[in-house]
Amino acid sequence: MSSDGYDLMMVANRLPVDVTIGTDGSTTWTRSPGGLVTALEPVMQRAQGAWVGWSGSPDVEHEPFDNDGVRLVPVTLSESEIALYYEGFSNDTLWPLYHDVIAPPTYHRQWWDAYRKVNRRFAEKAAEHAARGATVWVHDYQLQLVPALLRELRPDLRIGYFHHIPFPPLEIFAQLPWRAQVVHGLLGADLLGFQRVSDAANFVRSVRRFTDLTTRGDVITVTDDDQEPRQARAASFPISIDSRQVDATARTPEVVARAREIRAELGDPKVVLLGVDRLDYTKGIRHRIKAFGELLQDGRLEVPDVTLIQVASPSRENVGAYQQLREDVELLVGRINGEYSHLGKAAIQYLHHSYGPEEMAALYLAADVMLVTALRDGMNLVAKEYVAARTDERGVLVLSEFTGAADELLGAVLVNPHDIDGMKDRIVSAVEMDPREQRKRMRRLRRRVLEDDVATWSRSFLEVLASVPSHAGAPPSAASRPSGTAGPGSAT
Ligand code: G6P
Numbered sequence: 003m004s005s006d007g008y009d010l011m012m013v014a015n016r017l018p019v020d021v022t023i024g025t026d027g028s029t030t031w032t033r034s035p036g037g038l039v040t041a042l043e044p045v046m047q048r049a050q051g052a053w054v055g056w057s058g059s060p061d062v063e064h065e066p067f068d069n070d071g072v073r074l075v076p077v078t079l080s081e082s083e084i085a086l087y088y089e090g091f092s093n094d095t096l097w098p099l100y101h102d103v104i105a106p107p108t109y110h111r112q113w114w115d116a117y118r119k120v121n122r123r124f125a126e127k128a129a130e131h132a133a134r135g136a137t138v139w140v141h142d143y144q145l146q147l148v149p150a151l152l153r154e155l156r157p158d159l160r161i162g163y164f165h166h167i168p169f170p171p172l173e174i175f176a177q178l179p180w181r182a183q184v185v186h187g188l189l190g191a192d193l194l195g196f197q198r199v200s201d202a203a204n205f206v207r208s209v210r211r212f213t214d215l216t217t218r219g220d221v222i223t224v225t226d227d228d229q230e231p232r233q234a235r236a237a238s239f240p241i242s243i244d245s246r247q248v249d250a251t252a253r254t255p256e257v258v259a260r261a262r263e264i265r266a267e268l269g270d271p272k273v274v275l276l277g278v279d280r281l282d283y284t285k286g287i288r289h290r291i292k293a294f295g296e297l298l299q300d301g302r303l304e305v306p307d308v309t310l311i312q313v314a315s316p317s318r319e320n321v322g323a324y325q326q327l328r329e330d331v332e333l334l335v336g337r338i339n340g341e342y343s344h345l346g347k348a349a350i351q352y353l354h355h356s357y358g359p360e361e362m363a364a365l366y367l368a369a370d371v372m373l374v375t376a377l378r379d380g381m382n383l384v385a386k387e388y389v390a391a392r393t394d395e396r397g398v399l400v401l402s403e404f405t406g407a408a409d410e411l412l413g414a415v416l417v418n419p420h421d422i423d424g425m426k427d428r429i430v431s432a433v434e435m436d437p438r439e440q441r442k443r444m445r446r447l448r449r450r451v452l453e454d455d456v457a458t459w460s461r462s463f464l465e466v467l468a469s470v471p472s473h474a475g476a477p478p479s480a481a482s483r484p485s486g487t488a489g490p491g492s493a494t
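Each residue of the sequence shown is one higher than the one before, counting from 3 in my numbering.
Here is the structure:
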């Protein structure tokens, strides 16, 4: 931290802590689980940085406070802003649009207005707390306008942006009525990070199509109104997990014992299949369960020899498409269980819950085959967690080719989740895979996941961002000058 503010700042929709409001109106903050927080915490602590984000609840007005050596700066959202900006534009317009329109995106001008307004609020908070020449790292699709809004307020900053979800092909992105504004919003950043090479390439194609700016390879020359031309770069930085931490958790005697206990509680089936997802239509949960049901119907897999554990953690429950998905999944699970379960031995163990890291590691260790069958996924960290937890070098990862992880995790059994017959065959071959082959593949997977962890990811992004020439000498922009003072060369 410098005397005039913070030298390193994160700006994300969510704070790294969630708030709980007591019946007496008191606020308690609990650390939200997640790789991003773990990854960024050490660097933030070292830099004594600040994190701007939303608490997860409506109307929480709270002064900035310190938490584990990081300054947290809460942004207040009203109930209606949550409905329009978060549930609406972020999760019912952008989320489906950016995931191959698996669900139809809804376009509402009122949602867009709220998105702009809330993005401005985040940008203002960041501008208020950043030191001169600071580095500000903006995260994800909820905040795509923040880079440009922030640059307008503070041209002296070095701005990075990371897009955690896919960036869609031009032909799909073209549907968005506000596509040009979104591209310009993102181009406020000096460095734009994407999960896959193809995401970065999709973005650059959209820049060429929806702006007049010139691009050369992954570099875009941006000409802001009253500033010198500058260069923005779009490149891939595949995110990862804190693999050492997952590995260490999976080695503790408690977790190893819990994994054994889980299998015993299931009646010691020969084969345990596992799916772990947020209950989201992009995850291919229906496709996976359909394939499993057909395998039981065909007699290629049989209860009680085999069981499928499906953890589906609650998510975005006020959005219609998520409510519909829950109905569909639960109907399907009910039908399959009604048809194929035995007394005390369910075909599918369906768990609509979230679990902590120890229980997750035990589930991973207890599973012979992990099913990651997303229809589209920016990366999919569950696939990486499964690999990091398999300290015994056993287990098979069945992985959708439509995940970012598929680019990196050579050694997985790749599937196209739309091809139900193909997926059934791959699941059977995973179940039947000989232990030597399992070990060979798992070793390869583990090397990759343990080497490229989330600390490497954040370090490499921040290093590239640090190599961008500083703008600290930039004159204040019109937007950041106190009213009444004119900038150089501007008419008064
Ligand atoms: C994805 C997004 C994140 C988001 C998370 C959980 O991973 O990339 O930005 O935070 O889903 O979704 P939620 O809407 O609960 O924040």
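Glycine included, every Cβ here is placed at the ideal spot set by N, Cα and C.
Near the ligand G6P: residue i beta-carbon under 7 Å from a heavy atom
{"i": "H166", "result": "yes"}
{"i": "D142", "result": "yes"}
{"i": "S317", "result": "yes"}
{"i": "N93", "result": "yes"}
{"i": "R16", "result": "yes"}
Cβ-based neighbour list, residue i, same chain, cut-off 8 Å, excluding 5 preceding and 5 following
{"i": "H289", "result": "T375, L377, P419, H420, I422, M425"}
{"i": "P484", "result": "Summary for P484: the model assigns pLDDT 48, below 50, so the residue's position carries little reliability, and this model does not support an answer."}
{"i": "G24", "result": "T30"}
{"i": "R302", "result": "K426, V430"}
{"i": "I222", "result": "L189, V206, V209, L215, T216, Q233, A234, R235, A236"}
{"i": "E267", "result": "none"}
{"i": "Y411", "result": "This sequence places Leu at residue 411; Tyr is not what is there. Here the set comprises A385, K386, V389, L399, L401, L447, R450, V451."}
Same chain, Cβ closer than 7 Å to residue i, neighbours up to 5 away in sequence not counted
{"i": "P18", "result": "R33, S34, V39, W53"}
{"i": "A368", "result": "A261, I264, R265, V274"}
{"i": "S343", "result": "V305, A349"}
{"i": "N69", "result": "V19, W31"}
{"i": "A125", "result": "V148, L151, L152, L155"}
{"i": "N15", "result": "G55, W56, D142, Q144, L145"}
{"i": "E83", "result": "A116, V120"}
Residues near residue i by beta carbon distance below 6 Å, same chain, minus five either side
{"i": "L310", "result": "L275, F294, I350"}
{"i": "D158", "result": "R134, G135, H473, A474, A476"}
{"i": "L10", "result": "A49, G51, T137"}
{"i": "Y117", "result": "Y87, F91"}
{"i": "T22", "result": "T30"}
{"i": "R441", "result": "E395"}
{"i": "H166", "result": "D142, G380"}
{"i": "D454", "result": "S242"}
{"i": "M444", "result": "R392, E395"}
{"i": "P359", "result": "T251"}
CB-CB length for residue i against residue j, believed under 8 Å
{"i": "V257", "j": "T251", "result": "6 Å"}
{"i": "A385", "j": "T405", "result": "7 Å"}
{"i": "L99", "j": "I174", "result": "7 Å"}
{"i": "Y1", "j": "A191", "result": "Examination of residue 1 is not possible in this model, given that the chain is present from 3 through 494 alone."}
{"i": "V335", "j": "A390", "result": "Going by Cβ atoms, the distance from V335 to A390 rounds to 28 Å, so no, they are not a contact pair."}
{"i": "N204", "j": "P170", "result": "6 Å"}
{"i": "V148", "j": "V13", "result": "6 Å"}
{"i": "N320", "j": "E89", "result": "5 Å"}
{"i": "G71", "j": "Q47", "result": "4 Å"}
{"i": "D370", "j": "V400", "result": "That belief does not hold up - the Cβ atoms of D370 and V400 are roughly 11 Å apart, past 8 Å."}
{"i": "P60", "j": "S80", "result": "6 Å"}
{"i": "L447", "j": "G413", "result": "4 Å"}
{"i": "P231", "j": "Q177", "result": "In fact, because the Cβ distance is near 30 Å, the residues do not count as touching under 8 Å."}
{"i": "V470", "j": "R218", "result": "Not quite, the Cβ-Cβ distance comes to about 16 Å (not below 8 Å), so this is no contact."}
{"i": "V466", "j": "L193", "result": "6 Å"}
{"i": "D535", "j": "A41", "result": "A query on residue 535 cannot be resolved here, the shown segment of the chain reaching from 3 to 494 and no further."}
{"i": "A202", "j": "D226", "result": "Their Cβ separation, rounded to whole angstroms, is 22 Å, which puts A202 and D226 out of contact at 8 Å."}
Below-8 Å beta-carbon distance, residue i vs any chain B residue
{"i": "K285", "result": "As a matter of chain content, chain B is missing from the structure shown, which is built from one protein chain."}
Counting only runs of 4+ residues fully inside the region 379–459, write out the alpha helix (DSSP H) ranges in chain order. 383–391, 407–410, 422–433, 437–453
Please specify which runs of the alpha helix (DSSP H), each continuous and at least 4 residues long, are wholly inside the region 271–311, giving them in chain order. Listed in chain order, the alpha helix (DSSP H) runs fully inside the region 271–311 are 287–299, counting runs of at least 4 residues.
Where are the alpha helix (DSSP H) runs, 4 residues long or more, that stay fully inside the region 76–127, in chain order? With a minimum length of 4 residues, the continuous alpha helix (DSSP H) runs that stay inside the region 76–127 are 97–100.
What ranges does the alpha helix (DSSP H) occupy inside the region 198–256, keeping only unbroken runs of at least 4 residues that lie completely in it? 199–212, 245–253
Ignoring anything shorter than 3 residues or poking outside the region 304–354, list the beta strand (DSSP E) runs there in chain order. 308–315, 350–353
Would you mind listing the alpha helix (DSSP H) stretches within the region 7–78 that are 4+ residues and don't spill past its ends, in chain order? 37–49
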